[in-house]
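Asks:
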Ligand code: 57M
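In our numbering, the protein residues as written are 60 to 418.
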């Protein structure tokens, strides 16, 4: 809205030209989202505490987690509205791709909210049934995938990192592929969200990385120079990534060890899905395996652990899955696990960025 209101004045006052620039609006989208979280954080945390939306801690978890009982959760109710408000202020609202990401954020927010609400307010400890939650995630991602596929400007090819000339066309199968990326990323972020700041750190890093990819893919000359898929209009998604990174930083202020609030499913599901949808829109879908490598490894650790547990009649590969629990049980202090995972996420982001040249 700021973009529409102020940029229209550029013919009279040339200063307002600055609102045309994606870089300028990305910076301010990030700052807006950060400030919303930072300023409203204490009030929202207090409200969550008043409503007794405190975390129940499972008995079989690492003993260090017992002290966390009662920490307010559902911090996503702070972060996701901050992203949406900032997006509505700074993005060109006629942009089709921005609305696809907004749709994904809102639908996954509602799924996560329902799940947390049942767990927290109605004290139905397990929340939504797994298959209900999963079908709703698939449905929302399929709607987004179909809208993208129907857009004649949007290509149904898949970019394979490091291979410039290999880009298979999937046809309508692209919708299924988009579902896989969006639902997979959403659930992988959710599984990672088990230590203070562990999920939000790599979310910020991934949003910052995709910020760069969205800018590059939406810029005809840079995209041509780097020989990557040019996606008309996807530059506006840069601003959304800025808002996600900014809100993430604002949330991390309170979620850093020792956390004053957890994000809940209402935070982890929409954040992961938003990143997945950005990966699809920027045509850097497979790259998510590298950018979101921490999420992938955490999810894989669960798949391997559960698979091996069932096949071997109760034996385990890791001391406990997801992987962060394994390191905790090995005796690493919680902040050590968190910061080391962040460091790996930064290294992976650098490798991902290098694919712009290494092809
Ligand atoms: C949610 N939720 C956290 C918080 C957060 C299949 C199985 C592996 C699934 C997995 C699972 O349920 N994962 C998804 C993980 C929980 O955090 C809440 O959930 C929200 C995210 N959805 O925002 O509201 C706990 O995590 C800790 N936490 C922090 N700081 C944060 O900033 O410390 C979260 C955010 C919180 C808090 O303690 O209560 C969670 O871990 O439950 N299940 C598991 O992860 C369980 N693993 C398991 O059972 N492994 C077995 C299987 C696979 C064979 C094994 O390895 O033997 C572990 N979960 C817990 N304790 N709590 C087991 C130990």
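Each residue gets a CB set at the ideal place from its N, CA and C atoms; glycine is no exception.
Nearest-angstrom Cα distance between residue 305 and residue 93?
Replies: About 5 angstroms.
Asks: Using DSSP's beta-bridge definition, name the partner residues of residue 85.
Replies: Paired residue(s): none; residue 85 is not in a bridge.
Asks: With distances taken Cα to Cα, identify the nearest neighbour of residue 340 among 128, 161 and 136.
Replies: Nearest of 128, 161 and 136 to residue 340, Cα basis: 161.
Asks: Within 7 angstroms of any Cβ in chain D, is that where the Cβ of residue 89 sits?
Replies: Among the chains of the structure shown, chain D does not appear; only one protein chain is present.
Asks: Going along the chain, which residues of its own chain have a beta-carbon closer than 7 angstroms to the beta-carbon of residue 377, five neighbours each way excluded?
Replies: Excluding sequence neighbours, residue 377 sits near 360, 364 and 385.
Asks: Where does residue 145 land, buried or exposed, given buried means 16+ other C-beta within 10 angstroms?
Replies: Buried: at least 16 other Cβ atoms inside 10 Å.
Asks: Give a yes or no on whether the C-beta atoms belonging to residue 333 and residue 180 are separated by under 7 angstroms.
Replies: Not closer than 7 angstroms, so no.
Asks: To which residues of the same chain is residue 249 closer than 7 angstroms at the C-beta, ignoring the five residues directly before and after it?
Replies: Only 324, 327, 328 and 331 meet the Cβ criterion.
Asks: Could you tell me whether the region 255 to 274 touches the region 224 to 237, where touching means 3 or more Cβ pairs closer than 8 angstroms?
Replies: Too few Cβ pairs lie closer than 8 angstroms, so no.
Asks: If you follow the alpha helix (DSSP H) that residue 270 is part of, which residue opens it and which one closes it?
Replies: Run containing residue 270: 259 to 276, per the alpha helix (DSSP H) assignment.
Asks: Tell me whether residue 327 counts as near the ligand 57M, meaning its Cβ is closer than 6 angstroms to at least one heavy atom of that ligand.
Replies: Residue 327 Cβ: within cutoff of the ligand 57M.
Asks: Taking residue 318 as part of the alpha helix (DSSP H), name the residues at either end of that continuous run.
Replies: Unbroken run through residue 318: none, as it is neither H nor E.
Asks: Any idea which residues DSSP pairs residue 216 with across the strands?
Replies: BP columns for residue 216 point to 228.
Asks: Is it true that the CB of residue 354 sits closer than 7 angstroms to the CB of residue 251?
Replies: Their beta carbons are under 7 angstroms apart, which means residue 251 touches residue 354 by this criterion.
Asks: Report the residue from 192, 152 and 159 whose alpha carbon sits nearest the alpha carbon of residue 171.
Replies: Here the closest residue by C-alpha is 192.
Asks: Looking at C-alpha atoms only, which residue of 293, 255 and 291 is the closest neighbour of residue 132?
Replies: Residue 255 is the option with its Cα nearest to residue 132.
Asks: Determine, using beta carbons only, whether residue 197 and residue 240 come nearer to each other than 7 angstroms.
Replies: Contact flag unset, no.
Asks: Flag this pair as yes or no: are the beta carbons of residue 295 and residue 157 separated by less than 7 angstroms?
Replies: In this structure, residue 157 lies closer than 7 angstroms to residue 295 by Cβ.
Asks: Which stretch, first to last residue, makes up the alpha helix (DSSP H) that contains residue 405?
Replies: Segment 393 to 413, the alpha helix (DSSP H) holding residue 405.
Asks: Is DSSP giving residue 339 helix, strand or coil here?
Replies: It is helical.
Asks: Comparing alpha-carbon positions, which option in 311, 345 and 174 lies nearest residue 398?
Replies: Out of 311, 345 and 174, 311 has the C-alpha closest to the C-alpha of residue 398.
Asks: At a cut of 8 angstroms, does the region 401 to 417 reach the region 343 to 357 through at least three beta carbon pairs?
Replies: Touching, per the Cβ criterion.
Asks: Over the uninterrupted alpha helix (DSSP H) stretch that includes residue 286, give me the two end residues.
Replies: Unbroken run through residue 286: none, as it is neither H nor E.
Asks: Starting from residue 66, follow the alpha helix (DSSP H) in both directions and report where the run begins and ends.
Replies: Per DSSP, residue 66 belongs to the alpha helix (DSSP H) from 61 to 66.
Asks: Compare the beta carbon distance of residue 199 and residue 245 with 7 angstroms and say whether it is the shorter of the two.
Replies: No, the pair does not count as a contact, with Cβ atoms beyond the cut-off.
Asks: Residue 138: beta carbon under 6 angstroms from a heavy atom of the ligand 57M?
Replies: Checking the Cβ of residue 138 against the ligand 57M gives no.
Asks: Shorter than 6 angstroms, the distance from the beta carbon of residue 100 to the closest heavy atom of the ligand 57M, or not?
Replies: No, since every heavy atom of the ligand 57M falls outside the 6 angstroms radius drawn around the Cβ of residue 100.
Asks: Is it the case that the CB of residue 127 approaches a heavy atom of the ligand 57M more closely than 6 angstroms?
Replies: It does: the Cβ of residue 127 is within 6 angstroms (strictly closer) of some heavy atom of the ligand 57M.
Asks: Alpha carbon to alpha carbon, what distance is there between residue 201 and residue 225?
Replies: Residue 225 and residue 201: Cα-Cα distance of roughly 25 angstroms.
Asks: With a threshold of 8 angstroms on Cβ separation, who are the neighbours of residue 280 within its own chain once the five nearest residues in sequence on each side are excluded?
Replies: Cβ neighbours of residue 280 beyond the five flanking positions: none.
Asks: Under the criterion of a Cβ to heavy atom distance below 6 angstroms, does residue 246 qualify as lining the ligand 57M?
Replies: Because no heavy atom of the ligand 57M lies under 6 angstroms away, the Cβ of residue 246 does not count as near it: no.
Asks: Since I believe residue 81 is in contact with residue 298 (beta carbons under 8 angstroms), could you give me their beta-carbon distance rounded to a whole number of angstroms?
Replies: Right, their Cβ atoms sit about 6 angstroms apart.
Asks: What residue from 257, 394, 223 and 228 has the CA that sits closest to residue 417's CA?
Replies: Per the Cα distances, 223.
Asks: Within 10 angstroms of the Cβ of residue 393, are there 16 or more other Cβ atoms? Answer buried if so, exposed if not.
Replies: It is buried - the Cβ of residue 393 has at least 16 other Cβ atoms within 10 Å.
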